[in-house]
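The sequence shown begins at 12 in my numbering and counts up by one.
For every residue, glycine included, the Cβ atom is placed at its ideal position computed from N, Cα and C.
Predicted model, so just to flag it, every value in this text is computed and none were measured.
First the structure, in the form of structure tokens, and then the observations on it.
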Amino acid sequence: MPTSSGFLKDFHEKVQSKGFSVSVLLFFLVEELRLRLQSSSSLPSIRRSFISWALILGVVIFGMMGVFEWTLPRGLGLGTFVLEGVAYAIVVFVTYMHLGLVRSETTQKPFDSFVFPNVLTLFRILSIPLLVSMMSMGGDLWVDRATFFVLILAALSDTLDGNLARIYRLQSDFGRIADPVADVLFHSSLAVALFASDIVSPSYMLSALLRYLFPPFAGVFLYVRVGGFRVKSTLMGKVSSLVLSVFVGLVYLGKSLPAPELVVFARTYIEPMGIVVCLLTVLAFIIKGIHIAKVKGRS
12 MPTSSGFLKD
22 FHEKVQSKGF
32 SVSVLLFFLV
42 EELRLRLQSS
52 SSLPSIRRSF
62 ISWALILGVV
72 IFGMMGVFEW
82 TLPRGLGLGT
92 FVLEGVAYAI
102 VVFVTYMHLG
112 LVRSETTQKP
122 FDSFVFPNVL
132 TLFRILSIPL
142 LVSMMSMGGD
152 LWVDRATFFV
162 LILAALSDTL
172 DGNLARIYRL
182 QSDFGRIADP
192 VADVLFHSSL
202 AVALFASDIV
212 SPSYMLSALL
222 RYLFPPFAGV
232 FLYVRVGGFR
242 VKSTLMGKVS
252 SLVLSVFVGL
262 VYLGKSLPAP
272 ELVVFARTYI
282 EPMGIVVCLL
292 TVLAFIIKGI
302 HIAKVKGRS
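Here it is as structure tokens:
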């Protein structure tokens, strides 16, 4: 059964033997797609379960959007539904390709179904287009309240997915990969949306993007260059995610009450703190990457 690490390992070996080229990259991407689809088709119980959960997620997301369209003064607009529809199609397709990863982290045996913690992770990803759209509308009290409501749901899904997986022993390779991907997409998108709405400074947006986009891209480059390694989540990484989440939550709590002083507090004190911890997280990753490169270079 193909794995992401196996793909990167093969890609690394190919680059070492023939060098990097666009044709090599395209070959491995096509081969990965073929193997993923083949793997998913060999897991009928997980496939059926995932299709059911995908339909439920669609009903929840688009049902919630329908309520907002009906109740908000200006609605959401057709563009929001189109954006969400495209995101939904991409998420469902990519997840379907990786159903082979819905297996126990410890035993490596496939689960009988698509486990619920992974559903929560997908919900967080699917909430992003809706949140970005509502944040860009701004200025309306009820839109801000709807935004805060969806932020609460996303935060709950982020808290529950990992905890439920640990409590009920549903930790999967899929969840191990999908959860940080969800964090990257969620916080990066919200940072851009906050900047576009004139809520945060350019420094906040750039530091948040650097914190969430630099590690995965640099990690892939390092993997291809020096071979396999694993970097576990760090305390600084968790702190930076918490600070950014608290900042966004306070801003939209203040906007939805409304309590302007709460927004001012968040922008005055929490935003600079977020910038600092994001930069420290990136610095810690760079130091760790240099250490890994040196160790691998000597071996």
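Within the model, the alpha-carbon separation for T279 versus I210 is close to 11 Å. Following the DSSP letters along the chain, one finds K249 inside the alpha helix (DSSP H) bounded by residues L246 to S267. Taking 3 residues as the minimum length, the stretch 27-78 contains no beta strand (DSSP E) run wholly inside it. Per DSSP, the unbroken alpha helix (DSSP H) holding Y99 starts and ends at L89 to M108.
Cβ-Cβ separation between V274 and G265: approximately 4 Å, consistent with a contact (criterion under 8 Å).
When the alpha-carbon of L221 is set against those of P121, H109, I297 and L54, the nearest one is in I297. DSSP lists S183 as the bridge partner or partners of S115. Around the Cβ of W81, a 10 Å sphere holds fewer than 16 other Cβ atoms; the residue is exposed. Going by beta carbons, R114 and F197 fall outside the 8 Å limit.
Excluding the 5 residues flanking it on each side, V143 has same chain C-beta neighbours closer than 7 Å at S200 and A204, in chain order. Listed in chain order, the non-local C-beta contacts of L137 below 7 Å within the same chain comprise L68, I72, A98, Y99 and V102, local neighbours out to five positions each way being set aside. Taking the Cα of F225 as reference, the smallest distance to any Cα among V293, A65 and L164 is reached at V293. Taking 8 Å as the cut-off, the Cβ atoms of Y234 and D194 do not count as close.
Take L255, set aside five residues on each side of it, and the residues of its chain with a beta-carbon closer than 7 Å to its own are H198, A219 and G285, in chain order. Taking C-beta separations shorter than 8 Å and ignoring five residues to either side along the sequence, the partners of G149 in its chain run D155 and S208, following chain order.
When DSSP reads this structure, P121 sits in a beta bridge with R114. C-alpha of L246 to C-alpha of C289: approximately 12 Å in a straight line. Using a Cβ distance threshold of 8 Å, Y215 and E282 count as a contacting pair. For V211, the three-state secondary structure derived from DSSP is coil.
Secondary structure of L83 (DSSP, three-state): coil. For the pair P128 and L175, the CB atoms are nearer than the 8 Å cut-off.
Look at D190 here: in three-state DSSP terms it is helix. By the criterion of a C-beta distance shorter than 8 Å, M76 is surrounded in its chain by L87, T91, F92, E95 and L141, once the five residues flanking it on both sides are discounted.
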